[in-house]
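In this note's numbering, the protein residues as written are 215 to 523.
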């Protein structure tokens, strides 16, 4: 119990330190701290001042534990996927955080799972004497579950968002076709669709317009978005669109054909999903309803035979 008391005391101290560090400062920021963000491009002193600041709620422990956190982050990258794969999932989920930020959150989830494991191991230890090794295994398992749960949550958000964009693609392409048929340019058509729609694909198109406004070529920006999303129908549409822009082909016919292809893909997906659901509906019929029906049909006869009537 002494070891668990030490672990709980350290965890309580870290938690209280975090809460105190997150409280707003009572003193007003200095003039240099307020001006530095606006002159960081021309002042080395301002860059140095901002570099010393940290957003970590544990300034002291963050510096002390930075090497260990970096090693744990690298280990998570090795076990749960490459940084490129994680970055792709973050893009698909619409997250703006970096891979390192996500790994840090995974470590936080793992720490929360370890804390829950400590509580569970303590309760089990009070109810029944178990070896310390078994308690340690419980803590490690709960910590691993916390890390895996965070990664699973990211994958689930990514799949859900990709599915929504896949369902929105035919409608977006048809709106683009109508705008181009009315005489608008491709950028104006995308801007109109982005302003009217509130979907996930329109949000990505808004990001493309923002990059184009900063000087990035349209073809380069939308190609990068397609590479980040890894949505096959959208990737094919972008390839056809950029190819039409390079060759000077009319965009209306290209987008109309892509919209029809997207509709056909959606129909095929619905048919495949209906087939899978049809098979799934047979599971309760074969393994639940049919055995109960047979039991109700045979049971009275068995009872009659046992009674000797």
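Note that the Cβ used here is the ideal one computed from N, Cα and C, for glycine as well.
Which residue wins for smallest C-alpha separation from residue i, given the options the options?
{"i": "residue 302", "options": "445, 478, 389 and 496", "result": "445"}
{"i": "residue 298", "options": "509, 467, 471 and 441", "result": "441"}
{"i": "residue 479", "options": "244, 508 and 448", "result": "448"}
{"i": "residue 369", "options": "399, 342, 347 and 316", "result": "316"}
{"i": "residue 464", "options": "339, 397 and 489", "result": "397"}
{"i": "residue 221", "options": "489, 350, 320 and 342", "result": "350"}
{"i": "residue 226", "options": "332, 341 and 366", "result": "332"}
{"i": "residue 219", "options": "313, 339 and 257", "result": "339"}
{"i": "residue 365", "options": "341, 343 and 320", "result": "320"}
{"i": "residue 367", "options": "300, 424, 385 and 456", "result": "300"}
{"i": "residue 459", "options": "489, 499, 399 and 504", "result": "399"}
Considering only their Cβ atoms, is the gap separating residue j from residue i smaller than 7 Å?
{"i": "residue 335", "j": "residue 353", "result": "yes"}
{"i": "residue 439", "j": "residue 432", "result": "no"}
{"i": "residue 246", "j": "residue 253", "result": "no"}
{"i": "residue 414", "j": "residue 375", "result": "yes"}
{"i": "residue 383", "j": "residue 476", "result": "yes"}
{"i": "residue 411", "j": "residue 422", "result": "no"}
{"i": "residue 474", "j": "residue 454", "result": "no"}
{"i": "residue 372", "j": "residue 328", "result": "no"}
{"i": "residue 250", "j": "residue 233", "result": "no"}
Which whole-angstrom value describes the C-beta separation of residue i and residue j, a residue pair presumed to lie in contact below a C-beta threshold of 8 Å?
{"i": "residue 437", "j": "residue 452", "result": "6 Å"}
{"i": "residue 469", "j": "residue 401", "result": "In fact, because the Cβ distance is near 14 Å, the residues do not count as touching under 8 Å."}
{"i": "residue 408", "j": "residue 416", "result": "5 Å"}
{"i": "residue 395", "j": "residue 493", "result": "That belief does not hold up - the Cβ atoms of residue 395 and residue 493 are roughly 43 Å apart, past 8 Å."}
{"i": "residue 393", "j": "residue 406", "result": "5 Å"}
For chain B, check one thing: does any of its Cβ atoms lie closer than 7 Å to the Cβ of residue i?
{"i": "residue 366", "result": "Considering every chain present, this structure includes no chain B. It has just one protein chain."}
Flag this pair as touching only if the region 348-367 and the region 322-335 have three or more C-beta atom pairs under 8 Å; answer yes or no. They touch, by the three-pair rule.
Taking contact to mean at least 3 C-beta pairs separated by less than 8 Å, is the region 302-313 in contact with the region 365-383? Counting Cβ pairs under 8 Å, three or more are found: they touch.
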